[in-house]
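Novice: Just so you know, the protein sequences line up as chains A and B, in that order. Be aware that the first sequence starts at 1, since it is given in my numbering, and climbs by one per residue. Be aware that the second sequence starts at 1001, since it is given in my numbering, and climbs by one per residue. Every residue, glycine too, gets a C-beta built ideally from N, C-alpha and C.
2 protein chains.
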Amino acid sequence: MTDKKLAFPFVVEPFQEDYTGRLSWSTLGNHILRVSSLHAEAHGFGYTYMKKHNRGWVLARLVFDIDELPQTAEPYFLSTWVSRIFGQFTDRLYSLTAPDGTAYGYGYSTWALIDYETRQPVNLEMLPDDGFHAALLDEKVPISPPTRVRVKDDKLVLKHTAVYSDLDINGHVNSIRYIDMALDSFPKSWHDERRVTRVELNFGNEGYCGDRFHIYRETLDEHRFAVRIIRPPRDGEDKESVIVRCVIHHRER
Amino acid sequence: MTDKKLAFPFVVEPFQEDYTGRLSWSTLGNHILRVSSLHAEAHGFGYTYMKKHNRGWVLARLVFDIDELPQTAEPYFLSTWVSRIFGQFTDRLYSLTAPDGTAYGYGYSTWALIDYETRQPVNLEMLPDDGFHAALLDEKVPISPPTRVRVKDDKLVLKHTAVYSDLDINGHVNSIRYIDMALDSFPKSWHDERRVTRVELNFGNEGYCGDRFHIYRETLDEHRFAVRIIRPPRDGEDKESVIVRCVIHHRER
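1) Give me the chain A residues within the contact set of Ile-1169 (chain B), using Cβ-Cβ distance strictly less than 9 Å, ordered along the chain.
2) Mapping DSSP to helix, strand and coil, what is Asp-1067 (chain B)?
3) At a CB-CB cut-off below 8 Å, which residues of chain A make contact with Gly-1210 (chain B)?
4) Using a Cβ cut-off of 7 Å, pull out every chain A residue sitting near Tyr-1094 (chain B), in sequence order please.
5) I'd like to know whether the C-beta atoms of Leu-23 (chain A) and Leu-62 (chain A) end up nearer to each other than 7 Å.
6) Which same chain residues, not among the five before or five after Pro-1232 (chain B), have their C-beta less than 7 Å away from its C-beta?
7) Quick one: grab the DSSP three-state call for Ile-42 (chain A).
8) Count the other CB atoms, across all protein chains shown, that sit within 10 Å of the CB of Ser-1189 (chain B); report buried if there are 16 or more and exposed otherwise.
9) Using only CA atoms, which one of A:Phe-10, A:His-250, A:Gly-236, A:Leu-137 lies nearest to Thr-197 (chain A)?
10) Do Val-1122 (chain B) and Leu-1136 (chain B) have their C-beta atoms closer together than 7 Å?
11) Taking only three categories from DSSP, how would you classify Tyr-47 (chain A)?
12) Taking the continuous beta strand (DSSP E) assigned at Lys-159 (chain A), which residues delimit it?
13) What runs of the beta strand (DSSP E), each 3 residues or longer, lie entirely inside the segment 87-116 of chain A?
14) Where Ile-1176 (chain B) and Ser-83 (chain A) are concerned, what is the direct C-alpha to C-alpha distance, given to the nearest angstrom?
15) Short of 6 Å in beta carbon distance, which residues of its chain neighbour Phe-77 (chain A), apart from the five on each side in sequence? Order them along the chain.
16) In terms of residue numbering, what span does the alpha helix (DSSP H) encompassing Asp-184 (chain A) cover?
17) With distances taken between CB atoms, is the gap from Tyr-1104 (chain B) to Ile-1066 (chain B) smaller than 7 Å?
18) Compute the Euclidean distance between the alpha carbons of Val-1157 (chain B) and Asp-1018 (chain B), then round it to the nearest angstrom.
19) Would you call Met-1126 (chain B) buried or exposed, if buried means 16 or more other Cβ atoms sit within 10 Å of its Cβ?
20) Nearest CA to the CA of Arg-1194 (chain B): which residue from B:Pro-1145, B:Phe-1186, B:His-1160?
21) Considering Cα atoms alone, identify which of B:Ser-1109, B:Arg-1245, B:Asp-1115, B:Glu-1237 is closest to Phe-1225 (chain B).
22) Just to make sure I have the definition right: I need the residues of chain B whose C-beta is within less than 7 Å of the C-beta of Ile-163 (chain A). Which are they?
23) Looking only at its own chain, which residues have a Cβ that is under 7 Å from the Cβ of Ser-95 (chain A), when we skip the five neighbours before and after it?
24) On the DSSP bridge list, what partners appear for Glu-252 (chain A)?
25) Taking Cβ-Cβ distances shorter than 7 Å, what residues in chain B pair up with Leu-33 (chain A)?
26) Relative to the alpha-carbon of Val-227 (chain A), which residue among A:Arg-253, A:Asn-205, A:His-191, A:Arg-150 has its alpha-carbon at the smallest distance?
27) Using DSSP with H/G/I as helix, E/B as strand and the rest coil, what is Val-1199 (chain B)?
28) Quick check: the Cα distance between Ala-1042 (chain B) and Val-1012 (chain B), rounded to an integer number of angstroms?
29) Quick one: Cα of Val-1163 (chain B) to Cα of Tyr-178 (chain A), how far?
30) Alpha carbon to alpha carbon, how far is Ala-49 (chain A) from Trp-57 (chain A)?
31) Are the Cβ atoms of Glu-1206 (chain B) and His-1160 (chain B) separated by less than 7 Å?
32) Output, in chain order, the set of chain B residues within a Cβ distance shorter than 7 Å of Asn-205 (chain A).
33) To the nearest angstrom, report how far apart Asp-1238 (chain B) and Arg-253 (chain A) are at their CA atoms.
34) Report all residues from its chain with a CB closer than 8 Å to the CB of Lys-1005 (chain B); omit the five preceding and five following residues, and keep chain order.
35) Is there a Cβ from chain B that is less than 7 Å from the Cβ of Asp-180 (chain A)?
36) Look at the alpha carbon of Ser-295 (chain A) and the alpha carbon of Phe-64 (chain A), and state the distance between them as a whole number of angstroms.
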C-alpha cells in the first residue's frame, strides 16, 4: 500500500536559485505542483484517473511559510499528504525538510476538482467507492492560518501581458508565475535587503496567453504587503476579473 | 581521469515543458548552462578555479539545432565536451540523445573567460600549465554553421523590463531568458501551428534588473525569423546597446 505521506528528494541545482543563491520561490512553487501531482497519481486520483473521467484539479489556495530557503547544492525533501476533504474542496499539506529532518518550512493548499463537461466542481465527499478518503492522513502543519486583509489603499505597480513562456501544459498561465509577478513588482534593491518568508495566494480566474494583468500592491506593515492581480475588461467584457490575491511576509536578511 | 565528453541524464519533468507538452527551450537552455558548468568543474576550470582567480566564463554564442524536443516523462542525455581553444575563445559542443543513443539534436557554444580585475578577456592559449588543453576532444557536431543575416526591415514587437525573476546568480539577466523573449514575441496561435527547430544567439552586452529591452523582429523567410534585443539609452547614455541578436528556425507541427 502506498504511504499516505510521500517524501520526494531534491537538490538545489544551479539555475534553480534566484540571484541571492537560494532556491527560488518559482522553482519551489513548480516542485510543489509536481509533488502534488505525483502523490495524487500514486494514490489513484492523479492525471491518469482525471483523463479517463474528463476532470482536472484546480488550485484554489496556496500558503507556504518558510524560515529560510536552501542554498545551491543543498539537498532537501518536499513531502506531501492529503489532510481533509470538505464538500468541493480538499486540503493538501507540505513539509520542506533537510536530510537530517530539520524543517525549512511548511505549506498547505486547497484544491477543487472540476468536471470539464459541466464546468462545475465535483462533490469530493460523494465520489464512488469512497473516493480518496483512504489516503487521508490526520497530520497538521505548525503554521498560522492565512492573514485576513482588507485591501484599502493599493496602487498599480506593474503591468504584465501573459506570454508563451508563462503557460503551463493546460494552456493557462502557470499559477506559480503569479508569485513571480508579486516579487517582480519590487526592484532589486528591495530584494537585496529582504528575504521572503511566507506567501499566501488565493486564486480567482484563470489567465490565458495574451491577457493583460495589472498588479496592485499595498504595504500592510513593516513585514507584510498585499498584492492584487486583476485582468482589466477584455473585448466584450464590462468589468475586470480578479486573478489572484496574495499576502507576502518578509524580513531583513 | 575524467572523460573528455560527459553525459548527464535528465527526464522531462512536469512543469519543465511548454504548453505543448515538450521540453521547453527555457528548461533546455538552463540545462545547457548547467552541464557546461558541471563539465568545466569536473575538468578543473569551473567555478572553484574561477572563484580563486577572480575570473568568470561569459557565453558569447549559442546555437542549438533539434529535430523535436522530448516529451513529458521521457528520459534523455545531454552530453558536452570542449572542442577548440582559439585566442580569447573556446568552443563547447553538445548532443541531446535518447537512452538508445538516437540523437534529438546538437548544439555548440562559444565562451570567453573574463578577468574581473582588468574586465578584459583572458588569452586561453596562454594559460599556465597548458590551461585546459588536455580536456579538448576532436569530435564535431553535424549541424550547419550560424546563418549570416543582414537585418533590414525589423519592427518593434515586444517590450520587456528586466525583473527580479529574470536574474541569475551573477545578478545578470539569465542568457536563456532572451530565448523566451524571442519566442514570447509571438501569440499562442503562432506556437499552436509551429515548432521551433533551431536557435542561434549572439550575446552582446549584459542585461541588469530594471533595464528596458526592446525586441525587434524580422521575418527572413517561411521558416526563419531574426530577433534583435536592444536596450534603449539609459540615463547618461547617448546610444542604445545591443543585448542579443538571434535567428530562429521553425517548421509546421
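Specialist: With the given structure in hand:
1) Pro-14, Phe-15, Glu-17, Asp-18, Tyr-19, Thr-20, Gly-21, Thr-72
2) coil
3) Pro-187, Lys-188
4) Under the 7 Å cutoff, chain A gives no residues; its nearest Cβ is about 16 Å from Tyr-1094 (chain B).
5) no
6) Arg-1212, His-1214, Glu-1240
7) It is worth fixing the name first, because residue 42 (chain A) is Ala in this sequence and not Ile. Here Ala-42 (chain A) sits in helix by DSSP.
8) exposed
9) A:His-250
10) no
11) helix
12) 155-161
13) 89-97, 103-115
14) 39 Å
15) Ala-7, Pro-9, Thr-97
16) 177-184
17) yes
18) 21 Å
19) exposed
20) B:Phe-1186
21) B:Arg-1245
22) It is Val, not Ile, that sits at residue 163 (chain A) in the sequence shown. Within chain B, the residues near Val-163 (chain A) are Asp-1184.
23) Ser-79, Ala-103, Tyr-106, Val-141
24) A:Arg-194
25) Phe-1015
26) A:Arg-150
27) strand
28) 24 Å
29) 13 Å
30) Looking at the sequence shown, residue 49 (chain A) is not Ala but Tyr. Using only the alpha carbons, I get a separation of about 11 Å.
31) no
32) Ordered by position in chain B, no residue passes the 7 Å Cβ test against Asn-205 (chain A), which lies about 17 Å from the chain.
33) 37 Å
34) Ser-1079, Thr-1080, Trp-1081, Leu-1137, Glu-1139
35) yes
36) Nothing in the structure corresponds to residue 295 (chain A), since chain A is present only between 1 and 253.
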